[in-house]
Amino acid sequence: KAGVTQTPRYLIKTRGQQVTLSCSPISGHRSVSWYQQTPGQGLQFLFEYFSETQRNKGNFPGRFSGRQFSNSRSEMNVSTLELGDSALYLCASTTGGFGTYEQYFGPGTRLTVT
Amino acid sequence: AQSVTQLDSQVPVFEEAPVELRCNYSSSVSVYLFWYVQYPNQGLQLLLKYLSGSTLVKGINGFEAEFNKSQTSFHLRKPSVHISDTAEYFCAVSETNRDDKIIFGKGTRLHILP
């Protein structure tokens, strides 16, 4: 079974631009979570989507948004990029129902904002 | 609300020596506990998990962890480390009544010295 895939793997953007990251979960998984990882803050939870609905949300500004499609693929969008948005963005998938404890992570998208 | 504290941001240890990575959690309800590993330039991978039953949990790559409810700890151990264990290790917790939400610690970087 193919793992979680994320595209692109690396991205360089300029401050003020916007960016869209993509995540394809493991086949059959209906929940996708997004995390921001930085050296200073560690892993921070952005949001989780389940069956095309946002089910959980972290403490990030409204510039960070996401969506999930009917095939469970998810996209994350960051508008008006700031230098502090430079990070590794990870997505993780699970089957999504209660009792699905293990998250399967993709390799991440490394975003650099200049 | 639950939280996770990883007491050491970095742990240096000589090859073939034992290692313990410490994790403490805080929660008002019963929890599930996890250890994930992140190798350089990769996403996170589950090492082991505690859901219920025996408090000593064995995982992949020779790692084990012990759940101590009275001390609210879930320390990770390996009797003899190898250079290939160089990675960042994350402790995580979810509440049994909300296992759709998982909180990660800030991570411990394990440095293996030759």
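First to last, the sequence lines map onto chains S and B.
With this note's numbering, letter number 79 in the first sequence gets 68, and the count goes up by one each step, no holes.
Every number in this note's numbering is 18 more than the matching position in the second sequence, counting from 1.
All C-beta atoms, glycine included, are put in the ideal place defined by N, C-alpha and C.
Sequence-distant residues of its chain with Cβ nearer than 6 Å to residue i (five each side left out)
| i | result |
| --- | --- |
| residue 11 of chain S | -4 and 64 |
| residue 80 of chain B | 96 |
| residue 127 of chain B | 28 and 106 |
Distance between residue j and residue i (C-alpha atoms, nearest Å)
| i | j | result |
| --- | --- | --- |
| residue 37 of chain S | residue 23 of chain S | 6 Å |
| residue 69 of chain B | residue 54 of chain B | 15 Å |
| residue 36 of chain B | residue 98 of chain B | 5 Å |
| residue 104 of chain B | residue 78 of chain B | 15 Å |
| residue 25 of chain B | residue 40 of chain B | 6 Å |
| residue 7 of chain B | residue 83 of chain B | Lying outside 19 to 132, the shown extent of chain B, residue 7 of chain B is not represented and no answer is given. |
| residue 103 of chain S | residue 109 of chain B | 32 Å |
| residue 125 of chain B | residue 29 of chain S | 11 Å |
| residue 38 of chain B | residue 93 of chain B | 7 Å |
| residue 32 of chain B | residue 44 of chain B | 31 Å |
| residue 85 of chain S | residue 47 of chain B | 21 Å |
| residue 28 of chain B | residue 86 of chain B | 23 Å |
| residue 27 of chain S | residue 115 of chain B | 29 Å |
| residue 117 of chain S | residue 72 of chain S | Outside the shown range of chain S (-10 to 103) lies residue 117 of chain S, about which nothing can therefore be said. |
| residue -9 of chain S | residue 16 of chain S | 7 Å |
| residue 18 of chain S | residue 94 of chain S | 12 Å |
| residue 53 of chain S | residue 47 of chain S | 10 Å |
| residue 49 of chain S | residue 31 of chain S | 14 Å |
| residue 111 of chain B | residue 51 of chain S | 26 Å |
Beta carbon proximity, residue i to chain B, threshold 7 Å
| i | result |
| --- | --- |
| residue 38 of chain S | no |
| residue 10 of chain S | no |
| residue 31 of chain S | yes |
| residue 60 of chain S | no |
Within 7 Å, strictly: CB atoms of residue i and residue j
| i | j | result |
| --- | --- | --- |
| residue 76 of chain B | residue 52 of chain B | no |
| residue 90 of chain B | residue 42 of chain B | yes |
| residue 2 of chain S | residue 8 of chain S | yes |
| residue 20 of chain B | residue 120 of chain B | no |
| residue 98 of chain S | residue 78 of chain S | yes |
| residue 76 of chain S | residue 92 of chain S | no |
| residue 70 of chain S | residue -2 of chain S | no |
| residue 33 of chain S | residue 25 of chain S | yes |
| residue 49 of chain B | residue 123 of chain B | no |
| residue 96 of chain S | residue 61 of chain S | no |
Contacting residues, own chain, Cβ-Cβ under 7 Å from residue i (five flanking each side not counted)
| i | result |
| --- | --- |
| residue 57 of chain S | 21, 38, 41 and 63 |
| residue 74 of chain S | 67, 100 and 102 |
| residue 30 of chain B | 129 and 131 |
Below-7 Å beta-carbon distance, residue i vs any chain S residue
| i | result |
| --- | --- |
| residue 96 of chain B | no |
| residue 119 of chain B | yes |
| residue 125 of chain B | yes |
| residue 92 of chain B | no |
| residue 122 of chain B | yes |
Residues of its chain near residue i, where Cβ-Cβ distance is below 8 Å and the 5 sequence neighbours each way are ignored
| i | result |
| --- | --- |
| residue 101 of chain B | 33, 130 and 132 |
| residue 88 of chain B | none |
Just by C-beta distance, which residues in the segment 41 to 70 of chain B are closer than 9 Å to chain S?
-> 50, 52, 54, 56, 59, 60, 61, 62, 63, 64, 67 and 69
Selection of the segment 71 to 98 of chain S by Cβ proximity to chain B, strictly under 7 Å | 79, 87, 88, 90, 91, 92, 94, 95, 96 and 97
When Cβ atoms are compared, which residues of the segment 41 to 56 of chain S fall closer than 8 Å to chain B?
-> 44 and 45
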